[in-house]
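At position 257 of the sequence shown the residue is numbered 268 (this note's numbering), and the sequence of numbers has no breaks. Encoded as structure tokens, the structure appears first; notes follow it.
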Amino acid sequence: MRKPAVLITGASGEIGHGLIDQLAADGDRAIVTLDVAPLDASLAKKVHRETIGSILDRVALERLLAEFEVDQVFHLAALLSTRSEYSPLTAHEVNVGGTLNLLEFAQQQSSTHGRPVIFLYPSSIAVYGMPSLEVKASAGRVKENQWTESTTMYGCNKLYCEQLGRYYARHYKQLSAEHSGQVDFRAVRFPGLISALTVPSGGTSDYAPEMIHAAAKGEPYACFVRPDARIPFMAMPDGVAALLTLAKAPRAALTLPSYNLGAFAPTAAAIEQEVRRAFPKAEISYKVDTKRQGIVDTWPGDVDDSAARRDWGFNPKHGFESAFREYLIPTIKKRYA
Ligand code: AKB
12 MRKPAVLITG
22 ASGEIGHGLI
32 DQLAADGDRA
42 IVTLDVAPLD
52 ASLAKKVHRE
62 TIGSILDRVA
72 LERLLAEFEV
82 DQVFHLAALL
92 STRSEYSPLT
102 AHEVNVGGTL
112 NLLEFAQQQS
122 STHGRPVIFL
132 YPSSIAVYGM
142 PSLEVKASAG
152 RVKENQWTES
162 TTMYGCNKLY
172 CEQLGRYYAR
182 HYKQLSAEHS
192 GQVDFRAVRF
202 PGLISALTVP
212 SGGTSDYAPE
222 MIHAAAKGEP
232 YACFVRPDAR
242 IPFMAMPDGV
252 AALLTLAKAP
262 RAALTLPSYN
272 LGAFAPTAAA
282 IEQEVRRAFP
292 KAEISYKVDT
302 KRQGIVDTWP
312 GDVDDSAARR
322 DWGFNPKHGF
332 ESAFREYLIP
342 TIKKRYA
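This is the structure we're talking about:
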């Protein structure tokens, strides 16, 4: 008998940390992970099977298919936006090829156990491409179907994978008589995520978490975007909660294949001010990287997430002040104490 399980790819990354804790606490399925990097020891003991390997390795996926009855997939593995610009072909291979492998895995799983496989996919604000700062300023809160002309490989990968997910969910092998199995694809477009426990790497929204963590460690930080740069952000626990809430939502309530999520949309200067409030001696300066700034300029200043709130009750606990004062600062202070 195969064991019922949830599969998490990219499990040792930032979202994986919080997600494993929550899923282990729920305890209703065995947790199986797949990542090129090992899990922290504290997390490894909470999972049933840790597989060190790549999402491009179809043999590893075949083995998991043979051993586990997966009915939920959290496909977190990806190369983020900054890293992807340095190696766009590798990014395409991992972000698109890897997602295709996972969708096929979910499809095969579903046809072997006869139940839909709920497939959670974190997409990103990187799917948007605001054509100019003037348009960004006047566009207000961008809706899911507006301005989706990304200028980054990562953003293009995410947008295409949303489409692949929609294809697997609704039109897979539409001309074939023997098609069985069903992928229940559900995606969110995350804003920049800020965790008190981990520091991201390879992203372009990294300036916010980097600034906070540097100040907490007493290290100087040169912010790579202008003080007036603005994009939406969210505290990591709200991001994890959103994925888990969407996973449990009744299928019939979902009207979009991919939902915007937002929580607060501060400028870099507002983040600096909040960091200084907690760490008055913080050494923060600005050394603008015009190319990374250029990417941030194409991302919306804020997103309209009313569809997620209406369809499946997305309701982040933290706004800007509470994210800092109730979650980030106290947790980070403890972490580096
Ligand atoms: C990145 O900066 O690449 C990510 C994202 C916004 O998806 N954090």
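Ideal placement from N, C-alpha and C gives every residue a C-beta, glycine not left out.
Query raised in the report: To the nearest angstrom, how far is it from the Cα of Asn168 to the Cα of Phe116?
Result: C-alpha separation (whole angstroms): 19 Å.
**Report entry** Cβ neighbour criterion (16 or more within 10 Å) applied to Thr163
**Finding:** Of the other Cβ atoms in all chains shown, 16 or more fall within 10 Å of the Cβ of Thr163; this residue is therefore buried.
**Report entry** Secondary structure of Gln83, DSSP reduced to three states
**Finding:** Here Gln83 sits in strand by DSSP.
Query raised in the report: Taking buried to mean at least 16 other C-beta atoms within 10 Å of its own C-beta, is Met141 buried or exposed?
Result: Buried.
Requested in this report: Indicate, with yes or no, if the ligand AKB has a heavy atom lying under 6 Å from the CB of Gly203.
Outcome: Gly203 Cβ: within cutoff of the ligand AKB.
Requested in this report: Compute the distance between the beta-carbons of Leu144 and Asp308, then report whether it is under 7 Å.
Outcome: Yes; because the gap between Cβ atoms is below 7 Å, this pair is in contact.
**Report entry** Beta bridge counterpart(s) of Phe244 as assigned by DSSP
**Finding:** The beta-bridge partner set that DSSP reports for Phe244 consists of Gly203, Phe275.
Query - Segments of 4+ residues assigned as alpha helix (DSSP H) that fall wholly inside the region 69 to 156 - result: Counting only runs that start and end inside the region 69 to 156, the alpha helix (DSSP H) elements of at least 4 residues fall at 69 to 78, 92 to 97, 99 to 103, 109 to 124, 144 to 150.
**Report entry** Phe235 beta carbon less than 7 Å from that of Glu285
**Finding:** Not a contact, by the Cβ cut-off of 7 Å.
Query raised in the report: Under the rule that 16 or more other beta-carbon atoms within 10 Å means buried, what is Leu34, buried or exposed?
Result: Classification of Leu34: buried, given that the 10 Å Cβ count is 16 or more.
Query raised in the report: Is there at least one non-hydrogen atom of the ligand AKB closer than 6 Å to the beta-carbon of Ala137?
Result: Ala137 Cβ: within cutoff of the ligand AKB.
Requested in this report: Specify whether the region 204 to 216 and the region 172 to 180 touch according to this definition: at least 3 beta carbon pairs, one from each stretch, less than 8 Å apart.
Outcome: Flag = no, the region 204 to 216 and the region 172 to 180 do not touch.
Query - Proximity below 7 Å, CB of Gly108 to CB of Leu76 - result: No, these two residues do not count as a Cβ contact at 7 Å.
Query raised in the report: What is the rounded straight-line gap between the Cα of Asp37 and the Cα of Ser149?
Result: Distance between the alpha carbons of Asp37 and Ser149: 43 Å.
**Report entry** Member of Ala41, Leu30, Gly27, His224 whose CA lies at the smallest distance from the CA of Ala16
**Finding:** When only C-alpha atoms are compared, the closest one is Ala41.
Query raised in the report: Sorted by chain position, which residues of the same chain lie with C-beta nearer than 8 Å to Ser23's C-beta, five sequence neighbours on each side aside?
Result: Same-chain partners within the cutoff: Thr44, Asp46, Ala48, Pro49, Leu50, Asp51, Leu54.
Query raised in the report: What's the C-alpha gap between Ile129 and Gln157?
Result: Rounded to whole angstroms, the gap between the alpha carbons of Ile129 and Gln157 is 27 Å.
Requested in this report: From the DSSP output, in three-state form, read off Lys14 for me.
Outcome: Secondary structure of Lys14 (DSSP, three-state): strand.
Query - Helix, strand or coil at Asp239 [DSSP, three-state] - result: Note: Asp239 maps to coil in three-state DSSP.
Query - Environment of Ala293 [buried if 16+ CB atoms lie within 10 Å] - result: Buried, by the Cβ-count rule.
Query raised in the report: Mind checking Asn326: buried by the 16 CB within 10 Å criterion, or exposed?
Result: Around the beta-carbon of Asn326, fewer than 16 other beta-carbon atoms lie within 10 Å, marking it exposed.
Query raised in the report: Looking at the unbroken alpha helix (DSSP H) that takes in Tyr178, where does it start and where does it end?
Result: Its alpha helix (DSSP H) spans residues 164 to 181.
Query raised in the report: For Thr215, is the beta carbon positioned less than 6 Å from some heavy atom of the ligand AKB?
Result: Yes, since a heavy atom of the ligand AKB falls inside the 6 Å radius drawn around the Cβ of Thr215.
Query - Burial state of Ser296, where buried means 16 or more other Cβ atoms lie within 10 Å - result: Exposed.
Report task. For Glu96, collect the residues of the same chain with a Cβ closer than 7 Å to its Cβ; drop the 5 residues on either side in sequence, then sort them by chain order. Result -> Cβ neighbours of Glu96 beyond the five flanking positions: Thr163, Met164.
Report task. Check whether the Cβ of Ser92 lies closer than 6 Å to any heavy atom of the ligand AKB, and answer yes or no. Result -> Correct: Ser92 has its Cβ closer than 6 Å to the ligand AKB.
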